[in-house]
Structures are given as C-alpha cells and as structure tokens.
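Visitor: Below are the structure tokens for one structure; questions will follow.
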Amino acid sequence: NAGVTQTPKFQVLKTGQSMTLQCAQDMNHEYMSWYRQDPGMGLRLIHYSVGAGITDQGEVPNGYNVSRSTTEDFPLRLLSAAPSQTSVYFCASRNSDNLYGYTFGSGTRLTVV
Amino acid sequence: DAKTTQPTSMDCAEGRAANLPCNHSTISGNEYVYWYRQIHSQGPQYIIHGLKNNETNEMASLIITEDRKSSTLILPHATLRDTAVYYCIVHTGGFKTIFGAGTRLFVKA
Numbered sequence: 004n005a006g007v008t009q010t011p012k013f014q015v016l017k018t019g020q021s022m023t024l025q026c027a028q029d030m031n032h033e034y035m036s037w038y039r040q041d042p043g044m045g046l047r048l049i050h051y052s053v054g055a056g057i058t059d060q061g062e063v064p065n066g067y068n069v070s071r072s073t074t075e076d077f078p079l080r081l082l083s084a085a086p087s088q089t090s091v092y093f094c095a096s097r098n099s100d101n102l103y104g105y106t107f108g109s110g111t112r113l114t115v116v
Numbered sequence: 094d095a096k097t098t099q100p101t102s103m104d105c106a107e108g109r110a111a112n113l114p115c116n117h118s119t120i121s122g123n124e125y126v127y128w129y130r131q132i133h134s135q136g137p138q139y140i141i142h143g144l145k146n147n148e149t150n151e152m153a154s155l156i157i158t159e160d161r162k163s164s165t166l167i168l169p170h171a172t173l174r175d176t177a178v179y180y181c182i183v184h185t186g187g188f189k190t191i192f193g194a195g196t197r198l199f200v201k202a
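Heads up: the protein sequence lines correspond to chains A and B, in order. Residues in the first sequence are numbered consecutively from 4, following the numbering used here. Residues in the second sequence are numbered consecutively from 94, following the numbering used here.
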C-alpha cells in the first residue's frame with residue numbers, strides 16, 4: 004500500500020517552460036487535491052477533484068491545469084512556469100466519508116529560475 | 094467552511110502535555126473539527142477529528158467545548174519528535190478543504 008505517490012521529488016524549470024507534476028493514489032479515494040506551500044506559510048488549495056472527470060478550482064488556480072481521467076491519477080500541469088510558482092507542491096486524497104482525513108504525498112519541490 | 098484561529102507558535106517541555114488551542118466561533122452544526130500536523134517539510138499527517146464529543150486515539154486527544162466554538166488538541170507526553178506545525182481545520186466534509194497557517198509547536202528538552 005503506497006498511499007499517495009508524487010513524482011518528481013525535485014524539479015528546476017526555466018521561466019516559460021511547462022511541466023506536469025504527477026500524483027497517484029492506490030486507496031481508491033474519490034477526492035484528490037493539490038496544494039502549494041511557500042516557505043514559512045500554510046497550504047493553499049490549487050485545484051481539487053471529487054471523482055474521475057470532475058475537477059474544480061481552489062484558492063490559487065491561475066497558471067495551473069488539472070485533469071482526472073482515472074480515480075487513481077490527478078496530474079497538475081504548469082502551463083508556463085513563473086518564478087512565483089517556486090514552491091513545494093503537495094497532493095492529497097481522501098474518501099468521501101472522511102473518516103481518516105486526507106492522506107498527503109511527500110511533496111514536489113519546484114524551483115523556477 | 095468556518096474559519097479557525099490558532100496561535101502562531103507555542104513551546105512545550107519534553108514529557109509534559111502540549112495543549113494546542115483552536116478557535117472556531119463560526120462553526121456550524123454539521124462541521125467537524127480536524128487536526129493535522131506537518132513535521133519539517135513532510136506532507137501533513139492526519140491526527141484526529143471530532144464533531145461534538147471528546148475524542149482520543151493513539152496519537153492525541155481532542156477536547157471540544159460544549160458550544161463547539163473552540164477546541165484543544167492534547168499531546169499527553171510531548172516528545173522532541175512532536176515538534177511540528179499543527180493545523181486545525183473545520184469543515185463539513187465537503188470538497189474545498191482550506192488549511193490556515195497553523196501553530197508551530199516547539200518541544201524543548
């Protein structure tokens with residue numbers, strides 16, 4: 004049982020480049036979310052999904068796209084990277100009954116230069 | 094979902110109980126109180142949650158006031174490994190779960 008797996012763990016991008024952060028969970032959780040965490044700050048919700056084919060925006064969605072073609076996967080795409088997107092990105096998932104809260108991945112540290 | 098207020102930071106001596114408060118005065122009847130913690134740069138970890146009754150598990154106890162406007166997370170015997178940021182979240186179990194800045198707990202030897 005791997006839980007929530009995020010890849011890559013570290014990434015450096017140049018301004019204007021695009022990339023996809025991968026997130027996969029093997030717990031058959033309906034809900035999945037992406038958060039970003041800037042140094043010394045709390046987590047901010049980027050996008051979330053309540054099931055395959057259904058996504059919606061969080062607090063800070065600009066510059067990011069998501070899709071949910073399967074229950075297991077919820078990739079986050081950076082369309083044109085900017086230095087302001089330098090952050091640690093966390094993916095999380097949970098069941099609809101929310102008995103044990105969210106399970107988080109270990110994070111992707113992204114630096115945009 | 095209701096907004097929560099937590100102290101920015103707290104200290105606790107190793108071996109003593111750590112009591113972390115959370116104010117959620119606008120909580121509504123169907124909203125649960127959840128606690129998570131984040132150790133260093135790891136992903137947050139679920140600790141405990143409750144609706145109106147006090148709850149206890151192997152990690153902590155959660156005390157919710159009778160009017161449900163505040164709660165306290167209790168780590169009964171804090172260790173150095175409990176040094177972390179603790180997040181108090183109130184929500185109905187809906188889709189948009191918002192994390193605030195949390196409380197940074199320092200456990201000192």
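The C-beta atom is built at its ideal place from N, Cα and C for all residues, glycine as well. All values derive from a computational prediction rather than experimental measurement.
Residues of chain A with CB closer than 7 Å to the CB of Ala194/B, please, in chain order.
Guide: Within chain A, the residues near Ala194/B are Met44, Gly45.
Visitor: Give me the chain B residues within the contact set of Tyr103/A, using Cβ-Cβ distance strictly less than 8 Å, ordered along the chain.
Guide: Near Tyr103/A (Cβ distances below 8 Å), the residues of chain B are Tyr139.
Visitor: To the nearest whole angstrom, what separates the beta carbons of Leu173/B and Leu113/B, a pair I think is in contact under 8 Å?
Guide: Not really, about 16 Å apart at Cβ, beyond 8 Å.
Visitor: Going along chain B in order, which residues have a C-beta closer than 9 Å to the C-beta of Glu62/A?
Guide: Per Cβ cutoff of 9 Å: Lys189, Ile191.
Visitor: Among Leu168/B, Gly193/B, Pro100/B, which one has its Cα closest to the Cα of Glu107/B?
Guide: Closest by alpha carbon: Leu168/B.
Visitor: Could you list which residues in chain A have their beta carbon closer than 9 Å to that of His142/B, in chain order?
Guide: The answer, in chain order, is Asn101, Leu102, Tyr103, Gly104.
Visitor: With DSSP as the reference, label Leu173/B as helix, strand or coil.
Guide: In the structure shown, Leu173/B sits in a helix (DSSP, three-state: H, G or I).
Visitor: List the endpoints of the continuous beta strand (DSSP E) containing Met22/A.
Guide: Where Met22/A is concerned, the enclosing beta strand (DSSP E) stretches over 22-28.
Visitor: Pull the bridge partners of Pro86/A from the DSSP assignment, please.
Guide: DSSP output for Pro86/A lists no bridge partner at all.
Visitor: Starting from Val200/B, follow the beta strand (DSSP E) in both directions and report where the run begins and ends.
Guide: Element bounds for Val200/B: 196-201.
Visitor: Give a yes or no on whether the minimum CB-CB distance between Leu24/A and chain B is below 8 Å.
Guide: Output row for Leu24/A: interface = no.
Visitor: Nearest by alpha-carbon distance to Gly136/B: which of Ala27/A, Tyr38/A, Leu16/A is it?
Guide: Measuring from the Cα of Gly136/B, the nearest candidate turns out to be Tyr38/A.
Visitor: With 8 Å as the threshold, decide whether the Cβ of Leu79/A is near any Cβ in chain B.
Guide: Judged by the 8 Å Cβ criterion, Leu79/A is not in contact with chain B.
Visitor: At the 8 Å Cβ level, is Leu120/A part of the contact set with chain B, yes or no?
Guide: Chain A is shown only over 4 to 116; residue 120/A falls outside these bounds and no answer can be derived.
Visitor: Exposed or buried, Leu46/A, counting other C-beta atoms within 10 Å across all chains shown (16 or more means buried)?
Guide: So Leu46/A ends up on the buried side.
Visitor: Just to make sure I have the definition right: I need the residues of chain A whose C-beta is within less than 9 Å of the C-beta of Gln99/B. Which are they?
Guide: Ordered by position in chain A, no residue passes the 9 Å Cβ test against Gln99/B, which lies about 10 Å from the chain.
Visitor: Look up Met103/B in the DSSP assignment and say whether it is helix, strand or coil.
Guide: Strand, per DSSP.
Visitor: For Ile141/B, does the count of other Cβ atoms within 10 angstroms reach 16, so buried, or fall short, so exposed?
Guide: By the 10 Å Cβ count, Ile141/B comes out buried.
Visitor: Assuming contact is defined by CB atoms lying nearer than 8 Å, are Tyr139/B and Gly104/A in contact in what I supplied?
Guide: Going by C-beta atoms, Tyr139/B is nearer than 8 Å to Gly104/A.
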